[in-house]
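In what follows, a single structure is set out as structure tokens and then discussed.
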Amino acid sequence: PCLLPGTMVGQSPAEPRAAVLLQPFVHQVGGHTSMLTYDEHTICKPLVSQELSFYESLPLAMRQFTPQYKGIVSVHLKKDSLGNLTLIASPGLGQPDTCGCLDSAGGDPGVTLWHKCKWSHTQVTKTFKDRTDLQYHTDSLLDDANGKQGERKSYNPWGLHCHRQHLNRMSSKHNENKLHQFLLLENVVSKYSYPCILDLKMGTRQHGDDASEEKKARHIKKCEQSTSASLGVRICGMQVKPPSPRVKSLPEATPKMEDGHKFFREI
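The numbering used here puts the first residue of the sequence shown at 17, with every later residue one more than the last.
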């Protein structure tokens with residue numbers, strides 16, 4: 017049967033978690049990196065050193081405006097007998113919001129979860145609610161042993177696209193046993209049944225000082241062809257819930273908005 021996010025692989029829910037099946041974050045509307053669900057209150061994404069430095073050095077006064085940083089977890093790729101690819105997190109014993117260094121099951125130092133615990137975690141209670149009235153539906157990424165479809169889930173199509181691309185990249189470059197470090201961050205929309213989300217790219221420049229000439233030229237062109245040049249901001253993705261039970265999505269795959277009037281109309 018299909019495992020829910022945060023469910024252990026090979027163990028019952030009452031036992032300490034030795035491995036957590038990661039599934040696509042259903043509300044991802046932009047970006048190119050896959051965002052995953054670790055548990056009801058936590059999302060998981062590939063570690064980028066600059067982003068890690070940001071959360072570790074974030075001033076106290078700014079923390080109320082950002083997701084809570086919960087630490088780092090090791091993740092590996094797994095392929096089942098049917099060839100389905102999944103990502104498995106190895107948190108060791110304990111919950112993801114437990115402070116300290118947690119030894120992994122079996123004493124393997126490669127599957128250790130570090131928690132910085134820079135600030136206290138505000139627990140948000142919420143029960144997963146049925147999202148069958150969203151416009152986009154996709155079958156669960158995992159089928160049962162007979163190839164039958166498991167639980168149906170509702171994903172933003174752009175998030176599902178990013179997840180598939182990420183799985184393909186990992187499987188082509190690395191073997192199943194290679195461990196990858198992922199960030200654990202607070203799921204700030206966990207208390208909402210139908211969150212409205214707007215992903216904006218701020219600024220007139222989007223390339224870093226260390227970017228190659230090819231990447232620099234590509235990002236400059238993106239800015240010139242969008243409202244980044246004229247307004248200093250552009251829409252990368254959007255999810256809204258109108259009065260009718262539908263989801264409107266403007267993923268990064270769509271052409272960039274050049275018209276400022278259209279930008280303000282969408283906002």
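We put the CB at the ideal spot given by N, CA and C, even for glycine.
Of all the options the options, which has the alpha carbon lying nearest to the alpha carbon of residue i?
i, options, result
"G87", "L76, S69, Q80, L98", "S69"
"K194", "R281, S244, S106", "S106"
"Q222", "E72, L103, S242", "S242"
"V42", "M51, V36, A35", "M51"
"P62", "L214, A35, S73, L93", "L93"
"C212", "K257, P75, V249, T220", "K257"
"G175", "T53, L76, K278, S73", "T53"
"T185", "L37, T49, L38", "Going by the sequence as given, residue 185 is Arg instead of Thr. Of L37, T49, L38, the residue nearest in Cα terms is T49."
"K217", "F279, A227, L74", "F279"
"L38", "M78, G99, R234, L183", "L183"
"N172", "Y210, R79, V89", "Y210"
"L214", "E230, I104, R250", "R250"
"G248", "E192, A227, N191, G219", "G219"
"Y284", "K95, E230, V91, E72", "Missing from the structure shown is residue 284; the chain here goes from 17 to 283 and no further."
"G99", "E192, D226, A227, Y208", "E192"
"V204", "V64, Q80, G47, K232", "Q80"
Could you check whether residue j and residue i sit closer than 7 angstroms to each other, using their CB atoms as the reference points?
i, j, result
"V45", "Q255", "yes"
"T58", "L200", "yes"
"A245", "C239", "yes"
"E202", "P75", "no"
"E56", "S206", "yes"
"F198", "V89", "yes"
Bridge partners for residue i per DSSP, in chain order?
i, result
"P62", "F198"
"I213", "Q255"
"K94", "T102"
"M218", "V249"
"D226", "Paired residues: none, contrary to the question."
"T53", "Q39, I59"
Which of the three DSSP states, helix, strand or coil, is assigned to residue i?
i, result
"S136", "The predicted model places S136 with a pLDDT of 29, which falls under 50 and marks its position as unreliable; any figure quoted below should be read in that light. In the structure shown, S136 sits in coil (DSSP, three-state: anything other than H, G, I, E or B)."
"L44", "Sequence check: residue 44 is Gln here, not Leu. It is coil, neither helix nor strand."
"M186", "helix"
"R250", "strand"
"V36", "strand"
"G276", "helix"
"I236", "helix"
"L74", "coil"
"E192", "coil"
"T243", "helix"
"S206", "coil"
"D124", "For D124, the predicted structure reports a pLDDT of 32, less than 50, and the residue's modelled location is therefore unreliable. A value from the coordinates is still provided. Correct three-state label for D124: coil."
"P173", "helix"
Please check the pair residue i and residue j, which I expect to be a contact at CB under 8 angstroms, by giving their CB distance rounded to whole angstroms.
i, j, result
"P40", "H179", "4 angstroms"
Relative to the ligand HEM, is the shortest distance from any of its heavy atoms to the C-beta of residue i smaller than 6 angstroms?
i, result
"P75", "With respect to the ligand HEM, the structure offers nothing, as it holds no ligand at all."
Looking at the C-beta of residue i, does it have a partner C-beta in chain C at a distance below 7 angstroms?
i, result
"S73", "The structure shown contains no chain C; it holds only a single protein chain."
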